[in-house]
Amino acid sequence: MPTSWFHLSEDMSDQIALSVASSWNFAVNALKSLAEGNNWELFFKVVFSLFVLSFLGAFSLKSLYTIGLTLAFIAFYVYEKKEEDIDSLFIKTHTFGCKLKSDLTKKFLTSKKID
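Mapping of the sequence shown onto numbering that gives the first Met the number 0: position 14 corresponds to residue 13, and the numbering continues sequentially without gaps.
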């Protein structure tokens, strides 16, 4: 490999440092928001992600790879055969999810505090 592949200009190093700092600040702000309890949507995303990770951690990597690869090929085959039906089902599900989220947001934001 040529040594030019390992050269890092000052501009590139500044850009990398800014990117790392930005990522760090984003993570700290997200953790702060979780700790304060301000963002319920983020809280449920984190809970769901941790639940999925704990579930996947119970399986070996080899079995996950085997199952995942098999399901991927089956999913591509089924989608190829039933593309229009799956797309319409996805649109209906997405619309229902957006409506449900909107209704729940209205319900919780307009409810009065009981002291």
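C-beta: ideal position from N, C-alpha, C; glycine also. Quantities reported herein were computed from a predicted structural model and do not represent experimental measurements.
key: Cβ separation of Leu-33 and Phe-42, assumed to be a contact under 8 angstroms, to the nearest whole Å   = Taking the first residue of the sequence shown as position 1, residue 33 is located at position 34. Taking the first residue of the sequence shown as position 1, residue 42 is located at position 43. Correct: roughly 6 angstroms between the Cβ atoms.
request  = Name the two residues that bound the continuous alpha helix (DSSP H) containing Phe-54.
outcome  = Counting from one through the sequence shown, the residue named residue 54 turns up at place 55. Unbroken alpha helix (DSSP H) run through Phe-54: 39-55.
request  = Tell me whether His-93 sits in a helix, a strand or coil according to DSSP, three-state version.
outcome  = Within the sequence shown, numbered from 1, the residue matching residue 93 stands at position 94. Helix at His-93.
task = Could you check what DSSP says for Phe-107 in three-state terms: helix, strand or coil?
result = Here residue 107 is taken as the residue at index 108 of the sequence shown, counted from 1. Assignment of Phe-107 by DSSP, reduced to helix, strand and coil, places it in the helix class.
key: Unbroken alpha helix (DSSP H) run spanning Trp-4, endpoints   = Numbered from 1 along the sequence shown, position 5 holds the residue referred to as residue 4. Going by DSSP, Trp-4 is part of no alpha helix (DSSP H) at all; its letter is neither H nor E.
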